[in-house]
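Notes follow the structure.
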Amino acid sequence: MTSPDVEKRAKPTTIDLGGRVLPLNLKTNARARRMTLKIEPGGHAVSLTVPPGLARHEVDGFLRRHHDWLVERMARFDGRSADITDGGAVSIFGFAHTIRHSGNLRGLTTVRDEGEGKVLLVSGPAESIGRRVADYLKKEARREITGRVKVHAAASGKSYASISFKDTRSRWGSCSSAGNLNFSWRIAMAPMFVVDYLAAHEVAHLSEMNHGPRFWALCERLCPRTPEARQWLKNEGSFLHAVRFEAPFA
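Straight run, no breaks: the sequence shown in my numbering ends on number 251.
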């Protein structure tokens, strides 16, 4: 049974992080064995999951003990969040690309290696740079993910119904019972081994619709770097959501 004190705080409230006030979402989970704290994708809110039966003073004490960690984590968001602009940079499969606006490409967005580094040349009106970069990332995500899904599906002897891409915030991918695979196109900003892991993860769900031992064994068979990729997403994944494009794209 949930403590009344915690239950009162189940609705969103706020937390002050050195003068920055963010929404605090407190969630009670009957399966949780300890309190877990995370910053939501994009750094726009903080979530705290607690097991049943905790008193309010325990929750408040936990938040106080982790206050400095939250402040430090938010500072990392400040340093790595950015708008997509001419002269800025974007990661494409883990490699930094300088964004350069060009009016001579007739609608194309393309990558060039100019000696000092990779450059993403973006055509069209300057105010459309963010949208065009997002479109390019979506195209690249579709190309790479589709290729890796085909490889992993063949290796596991499974077939899938469809592959789709969205700008999801709560998860990087999903697999429906009908075999429809869904991915966040923002994964195109992650290193290729992480992209491969995400494809393997969702293909593994075609065989195991859970996260039990057999699922993880299959996932690691398809993608041996699964542990490393999971850690990368845990440490770095939220920063991909901190990249600001001009508008949300489906």
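By construction, the Cβ of each residue, glycine as well, lies at the ideal position given by its N, Cα and C atoms.
Among the options, which has the Cα closest to the Cα of residue i?
| i | options | result |
| --- | --- | --- |
| residue 216 | 205, 114 and 122 | 205 |
| residue 234 | 171, 177 and 210 | 171 |
| residue 123 | 87, 36, 230 and 166 | 87 |
| residue 181 | 195, 61 and 208 | 208 |
| residue 188 | 27, 200, 128 and 229 | 200 |
| residue 151 | 54, 238 and 163 | 163 |
| residue 54 | 36, 46 and 71 | 36 |
| residue 280 | 62, 129 and 143 | As displayed, the chain neither begins before 2 nor continues past 251, which places residue 280 out of reach and without an answer. |
| residue 154 | 166, 56, 141 and 176 | 176 |
| residue 223 | 236, 166, 45 and 159 | 159 |
| residue 178 | 211, 107 and 184 | 211 |
| residue 93 | 183, 195 and 77 | 195 |
| residue 239 | 173, 214, 69 and 57 | 173 |
Tell me which residues share the same chain as residue i and place their Cβ nearer than 8 Å to its Cβ, disregarding the 5 neighbours each side in the sequence.
| i | result |
| --- | --- |
| residue 91 | 85, 97, 98, 100, 121, 134, 138, 190 and 244 |
| residue 67 | 38 |
| residue 110 | 121, 122, 123, 124, 133, 134, 136 and 137 |
| residue 31 | 52 and 53 |
| residue 118 | 97, 98 and 99 |
Would you mind reading off the limits of the beta strand (DSSP E) that contains residue i?
| i | result |
| --- | --- |
| residue 17 | 14–18 |
| residue 122 | 119–123 |
| residue 226 | Where residue 226 is concerned, there is no enclosing beta strand (DSSP E), given that its DSSP letter is neither H nor E. |
| residue 63 | Where residue 63 is concerned, there is no enclosing beta strand (DSSP E), although the alpha helix (DSSP H) it sits in stretches over 57–66. |
| residue 86 | No beta strand (DSSP E) holds residue 86; DSSP gives it neither H nor E. |
| residue 163 | 163–167 |
Between residue i and chain B, is there a C-beta pair that is closer than 8 Å?
| i | result |
| --- | --- |
| residue 72 | Note that chain B does not occur in the displayed structure, where there is just one protein chain. |
Since residue i sits in a beta bridge, which residues does DSSP pair it with?
| i | result |
| --- | --- |
| residue 24 | 15 |
| residue 39 | 48 |
Identify, in the order they occur along the chain, each residue of the same chain with its Cβ nearer than 7 Å to the Cβ of residue i, setting aside the five sequence neighbours on each side.
| i | result |
| --- | --- |
| residue 15 | 22, 23, 24 and 25 |
| residue 33 | 50, 51 and 52 |
| residue 241 | 187, 190 and 191 |
| residue 48 | 26, 28, 39 and 41 |
| residue 232 | none |
| residue 147 | 164 |
| residue 95 | 191, 192 and 193 |
| residue 113 | 120 and 122 |
Quick one: residues in its chain with C-beta nearer than 6 Å to the C-beta of residue i, no 5 flanking neighbours on either side, listed in chain order?
| i | result |
| --- | --- |
| residue 149 | 197 and 200 |
| residue 220 | 201, 202, 205 and 227 |
| residue 127 | 102 |
| residue 18 | 71, 72 and 75 |
| residue 140 | none |
| residue 237 | none |
| residue 63 | 36 |
| residue 5 | With a pLDDT of 40 at residue 5, under the threshold of 50, the modelled position of this residue cannot be trusted; read the value that follows with caution. Taken in chain order, the list of residues that qualify is empty. |
Task: Complete runs of the beta strand (DSSP E) confined to the segment 175–219 [at least 3 residues] - done: With a minimum length of 3 residues, the unbroken runs of beta strand (DSSP E) contained wholly in the segment 175–219 fall at 181–185.
Task: Any beta strand (DSSP E) of 3 or more consecutive residues that is wholly inside the segment 89–148 - done: Taken in chain order, the complete beta strand (DSSP E) segments of 3 residues or longer contained in the segment 89–148 are 90–93, 96–102, 110–114 and 119–123.
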